[in-house]
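Chains as they are written, first to last, in our numbering: chain L, 64 to 206; chain U, 1000 to 1435.
Heads up, the thing below is written out as structure tokens.
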Amino acid sequence: MRVEQIAVFLENKSGRLAEITATLADNGVNIRALSVADTADFGILRLIVDDVAKAKKVLKANGFTVGITNVIAVEVADRSGGLAKVLKTIEKAGLNVEYMYAFVNRSGENAVLIFRFDETDRAIAALQQDGFTILSGAQICAL
Amino acid sequence: MTTLYWEEEIETLPRVGLESIQLTRLKHLVARVYATVAPYRVKMDAAGIKPADIQSLADLQKLPFTVKDDLRDNYPFGLFTVPMDQVVRVHASSGTTGKPTVVGYTKKDIETWAGVMARALTCAGATRRDMIHNAYGYGLFTGGLGAHYGVERLGATVIPVSGGNTKRQITIMQDFGSTVLLATPSYALNLADAMQELGVDPKSLSLRVGIFGAEPWSENMRDEVERKLNIKAVDIYGLSEVMGPGVAMQCLETGRGMHIFEDHFLPEIIDPDTGEVLPPGEQGELVFTTLTKEAFPLIRYRTKDISQLNYERCACGRTMVRMEKITGRTDDMLIIRGVNVFPSQVEHVLMGVEGVEPHYQIVVNREGNMDTMAVNVEVSEVLFSDEVKNLEKLTRKIQADIKDLLGVTCKVQLVEPRTIQRSEGKAQRVIDNRKI
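Next up, the structure:
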């Protein structure tokens, strides 16, 4: 029930993001979701892609520092209060969100929330207990 | 202007007399060191030299050099020649890796040091009537305490203000009537700028002369300090291994060079590559033999400082040789805000931080009057994290470890792999953008 996410270290200089996306495009890797965390000194690009192994390989070959981490993808109805309900479960379980981002799937009916927890297993258990739909990597790619 | 001397007889002794004193002391030193310090004895035996072979000052060249690594190998007290119960003080400076270089002093060494420092102060025109503002750091660094004891020996009043707290320093200068300033030249410029901000006119102060050392500075910087603080700025030289401040001092009479107090510190200039002694006037690495130190004498210590010696008679009447301002180093040591920094120390810290492979670069700048040091570290896969807080924790840890080991605040910047320039496959470890 975990989704593999690619994280890439970015120096704060122009053109780096474009290089990454071009590298992935050249190699036929499709980006499903992304977020960028930035500080004054550096940035971290996080990506959900359709081919994690290939993405890692081609980015590394192009000199990027790449890491793979497990995140959780929760599918909710794209309606007001969708995120709030999930966060309530998380709060109740005393879990700490390291970061999150979201995207809306192609049909536009559902939104997918990507969460990074310190305690991934406990988070999965808590979310499942409250009846949330957790997507696998393959399911995300099929969306 | 009449020249002031602290010890006129020795300071103006004809060179023949001076050299005779040097030879007597040298013979005594070599015999004592050979008898009491195993590492020296081993080196001399290996070179086939016995104390009896030293019959002239030229024979000094037969003796092996002492280098900073010898100090490290015998850390902390292995090169001391007296039992610790005779050592009344230790100081330490940066070693090339984690361990500092430790030096020790007997009671007599402290007196000798105070004496040469009093000579140095007198060279700059200071007398017992002066109010001497000592802004060198107090502590393991030799600057603060070395200068302090010299001022007391001179009989002037010492203000042991140490470094930092610039506003308070200016208030003290105003209220106490400081006449002589001891500081690093960059700190002097810092004081000048702070005065301007506070609306304090340097002409309203009693400051007359500044004695500056512990870091490289240019003639342009001298002009700037003199203009901004309305003082005369003179150069002092010293290094902890040899003694501390007061090894050599510029006099007020000449614009050039610092008199080495040769009755205590015997200088040579060598070719840093061959180790050969160079004739007077040629530029090379400065080497010192301490003639009178008891606890921690050094024979032919390679300073790695580049200078040259000028034996011409000085207008001030002193017969002691003058060394030129240090123009560079034979190694990669940097001096950041008066603190010695070796790139190898930074490497040592990075090695100690789990996962950091030492692909790094030190970038030194002078912003305003202060030196800044940035350390760029390439982010390897092992230490990379998808969480900002982890990367920030890492930079803070490296910064704190560098501060702990070197005593210098730096900014650590994480950079992408292979972005640090490599020339012929070897990384360029240091970029020094200061124009000194």
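Backbone N, C-alpha and C define an ideal beta-carbon position, used for all residues, glycine too.
Helix, strand or coil for residue i, going by three-state DSSP, please let me know.
i          : result
Thr1178(U) : coil
Pro1038(U) : helix
Ile1009(U) : helix
Asp193(L)  : coil
Gly126(L)  : coil
Arg1336(U) : coil
Pro1159(U) : coil
Gly1283(U) : strand
Ser232(L)  : The requested residue 232(L) is not part of the displayed model; chain L covers only 64 to 206.
Gln1412(U) : strand
Arg1127(U) : coil
Gly1209(U) : strand
Ile1325(U) : coil
His1090(U) : strand
Ile1305(U) : strand
Tyr1359(U) : strand
Ile1169(U) : helix
Ile1259(U) : strand
Leu1228(U) : helix
Ala1119(U) : helix
Arg65(L)   : coil
Met1319(U) : coil
Asn1364(U) : strand
Val1150(U) : helix
Glu1267(U) : strand
Pro1050(U) : helix
So the candidates are the options; which of them puts its Cα closest to the Cα of residue i?
i          : options                                           : result
Val1241(U) : Phe1260(U), Glu1214(U), Met1372(U) and Leu1206(U) : Phe1260(U)
Leu1405(U) : Ser1306(U), Phe1140(U) and Ser1185(U)             : Phe1140(U)
Pro1244(U) : Gly1114(U), Lys1049(U) and Met1043(U)             : Gly1114(U)
Thr116(L)  : Val137(L), Leu87(L) and Glu182(L)                 : Note that residue 116(L) is Ala in the sequence shown here, rather than Thr. Comparing Cα positions, the closest option is Leu87(L).
Val121(L)  : Thr84(L), Leu146(L) and Ala96(L)                  : Thr84(L)
Val129(L)  : Tyr164(L), Val137(L), Ser98(L) and Ile107(L)      : Ile107(L)
Lys151(L)  : Ala186(L), Ile69(L) and Arg65(L)                  : Ala186(L)
Arg1118(U) : Lys1107(U), Glu1196(U) and Met1257(U)             : Met1257(U)
Gly1351(U) : Leu1382(U), Val1363(U) and Arg1336(U)             : Leu1382(U)
Met163(L)  : Asn125(L), Asn93(L), Asp89(L) and Ala174(L)       : Ala174(L)
Ala1134(U) : Tyr1074(U), Ser1161(U) and Gly1047(U)             : Ser1161(U)
Pro1050(U) : Lys1026(U), Asp1069(U), Leu1070(U) and Lys1107(U) : Lys1026(U)
Gln1195(U) : Thr1001(U), Thr1183(U), Arg1226(U) and Gly1016(U) : Arg1226(U)
Asn1368(U) : Thr1178(U), Met1332(U) and Pro1215(U)             : Pro1215(U)
Leu1204(U) : Leu1190(U), Phe1211(U) and Ala1213(U)             : Leu1190(U)
Leu1056(U) : Val1378(U), Lys1388(U) and Ile1298(U)             : Ile1298(U)
Leu1062(U) : Glu1007(U), Glu1267(U), Gly1163(U) and Trp1005(U) : Glu1267(U)
Leu1181(U) : Glu1151(U), Glu1006(U), His1132(U) and Leu1188(U) : His1132(U)
Tyr1300(U) : Gly1212(U), Gly1142(U), Ala1030(U) and Val1066(U) : Val1066(U)
Ala1247(U) : Trp1112(U), Val1086(U), Ile1230(U) and Lys1231(U) : Trp1112(U)
Contact check, residue i vs residue j under 8 Å by CB: the rounded distance?
i          : j          : result
Glu161(L)  : Arg142(L)  : Actually they do not touch by this definition, with Cβ atoms about 26 Å apart.
Met1130(U) : Ile1158(U) : 7 Å
Cys1122(U) : Gln1021(U) : Rounded, the Cβ-Cβ distance is 20 Å, inconsistent with contact.
Ser1092(U) : Thr1100(U) : 5 Å
Val1089(U) : Val1102(U) : 7 Å
Asn1375(U) : Gln1412(U) : 5 Å
Asp1058(U) : Asp1052(U) : 6 Å
Val71(L)   : Arg95(L)   : Actually they are not in contact, since the Cβ atoms of Val71(L) and Arg95(L) sit about 15 Å apart, beyond 8 Å.
Val1276(U) : Ile1361(U) : The pair is not a contact, with the Cβ atoms about 33 Å apart (cut-off 8 Å).
Cys1313(U) : Glu1252(U) : 7 Å
Could you tell me the alpha carbon to alpha carbon distance between residue i and residue j, rounded to whole angstroms?
i          : j          : result
Glu1110(U) : Glu1323(U) : 27 Å
Val1407(U) : Val1338(U) : 7 Å
Lys1166(U) : Lys1434(U) : 27 Å
Ala136(L)  : Leu176(L)  : 5 Å
Pro1279(U) : Leu1308(U) : 6 Å
Arg1321(U) : Gly1209(U) : 19 Å
Thr1326(U) : Ser1306(U) : 6 Å
Leu1285(U) : Asn125(L)  : 48 Å
Val1179(U) : Leu1206(U) : 6 Å
Val1414(U) : Ser1379(U) : 9 Å
Gly171(L)  : Glu1346(U) : 53 Å
Thr1002(U) : Gln1344(U) : 44 Å
Report task. Anything in the stretch 1390–1408 of chain U with a Cβ closer than 9 Å to a Cβ of chain L? List those residues in chain order, please. Result -> Leu1390, Glu1391 and Thr1394
Requested in this report: Could you please tell me which residues of the stretch 87–111 of chain L, in chain order, have their CB closer than 7 Å to any CB of chain U?
Outcome: Ala100, Thr102, Asp104, Phe105, Ile107 and Arg109
Query raised in the report: Along the stretch 1205–1221 of chain U, what residues have a CB closer than 8 Å to any CB found in chain L?
Result: Against chain L - using a Cβ distance shorter than 8 Å - the stretch 1205–1221 of chain U contributes no residues.
Query - Contact set between the stretch 132–164 of chain L and chain U, restricted to residues whose Cβ is under 8 Å from the partner - result: Thr132, Glu161 and Tyr162
Query raised in the report: Closer than 8 Å, Cβ to any Cβ of chain L: which residues of the stretch 1364–1378 of chain U, in chain order?
Result: Val1378
Query raised in the report: When Cβ atoms are compared, which residues of the stretch 171–183 of chain L fall closer than 8 Å to chain U?
Result: Arg179
Query raised in the report: Using a beta-carbon distance cut-off of less than 9 Å, what residues from the stretch 1245–1260 of chain U approach chain L?
Result: none
**Report entry** Members of the stretch 1319–1337 of chain U near chain L, C-beta cut-off 9 Å
**Finding:** Listed in sequence order: no entries.
**Report entry** Under 7 Å (Cβ pairs) to chain U, residues found in the stretch 70–86 of chain L
**Finding:** Going along the stretch 70–86 of chain L in chain order, one finds Ala70, Phe72 and Glu74 with a Cβ nearer than 7 Å to chain U.
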